[in-house]
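Asks: My structure is below; once you've seen it, I'll send some questions.
Next up, the structure:
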């Protein structure tokens with residue numbers, strides 16, 4: 003695992019701890035410099051589409067309208083759902099790094115759409131993204147195991 007992957011995933015984990023009921027934290031960084039461009043946290047209580055990834059994408063678009071999306075990497079504590087995968091595709095983000103898989107979330111009894119982000123990307127007619135899963139997986143899995151215990155999953 004690269005040092006940059008670990009650094010940004012640690013930050014995504016810190017962000018995720020801000021919402022123990024839905025610990026989906028996200029960081030978008032610049033591919034070249036490693037600079038953090040935006041952060042996001044699941045706030046589906048406010049809006050059902052405000053997942054960590056969509057929150058970070060919306061913030062980045064708002065705060066840096068001139069961003070070169072093709073030079074970004076998105077880090078997230080869990081594999082992006084199909085909605086978030088679509089938002090990543092429409093944004094033009096070429097790389098996604100995640101910790102916990104959709105399969106693990108399902109095994110924990112958490113509601114999921116069983117469609118891997120790689121499949122959503124592969125089926126896109128206008129590009130796609132590279133996905134790297136399992137980065138700091140044990141640490142990410144612990145957040146979702148705790149969430150599952152709290153919600154009775």
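Numbering (the numbering used here), first residue to last: 3 to 155.
Just so it is clear, CB atoms sit at the ideal spot from N, CA and C, and this is done for glycine as well.
Work out the CA separation of residue 92 and residue 220 for me, nearest whole Å.
Replies: No answer is possible for residue 220: the residues shown for the chain start at 3 and end at 155.
Asks: If you reduce the DSSP assignment to three classes, tell me which class residue 150 lands in.
Replies: Helix, per DSSP.
Asks: Please confirm whether residue 27 and residue 52 have their CB atoms less than 7 angstroms apart.
Replies: No, these two residues do not count as a Cβ contact at 7 angstroms.
Asks: Should residue 57 go down as buried or exposed, given a rule of 16 or more other Cβ atoms within 10 Å for buried?
Replies: Buried.
Asks: Mind checking whether residue 1 and residue 82 have CB atoms under 7 angstroms apart?
Replies: Any question about residue 1 goes unanswered here, given that the chain covers just 3 to 155.
Asks: Look up residue 79 in the DSSP assignment and say whether it is helix, strand or coil.
Replies: Residue 79: strand per DSSP, three-state reduction.
Asks: Report the residue ranges of all beta strand (DSSP E) runs contained in full by the stretch 3 to 83; include only those spanning at least 3 residues, in chain order.
Replies: List check, beta strand (DSSP E) in window: 27 to 32, 38 to 43, 74 to 80.
Asks: Would you check if the distance between the CB atom of residue 14 and the CB atom of residue 29 is smaller than 7 angstroms?
Replies: Yes, the pair counts as a contact, with Cβ atoms nearer than the cut-off.
Asks: Can you have a look at residue 67 and say buried or exposed, based on whether 16 or more other CB atoms are within 10 angstroms of its CB?
Replies: Residue 67 should be labelled exposed.
Asks: Is it buried or exposed for residue 111, if we count other Cβ within 10 angstroms and need 16 for buried?
Replies: With fewer than 16 other Cβ atoms within 10 Å, it is exposed.
Asks: Please go through the stretch 94 to 124 and give each complete alpha helix (DSSP H) segment of 4 or more residues, from N-terminal end onward.
Replies: Taking only runs of at least 4 residues, the alpha helix (DSSP H) segments lying wholly in the stretch 94 to 124 are 104 to 109, 119 to 124.
Asks: Measure the C-alpha to C-alpha separation of residue 154 and residue 113 and round it to an integer number of angstroms.
Replies: Going from the Cα of residue 154 to the Cα of residue 113 covers about 12 angstroms.
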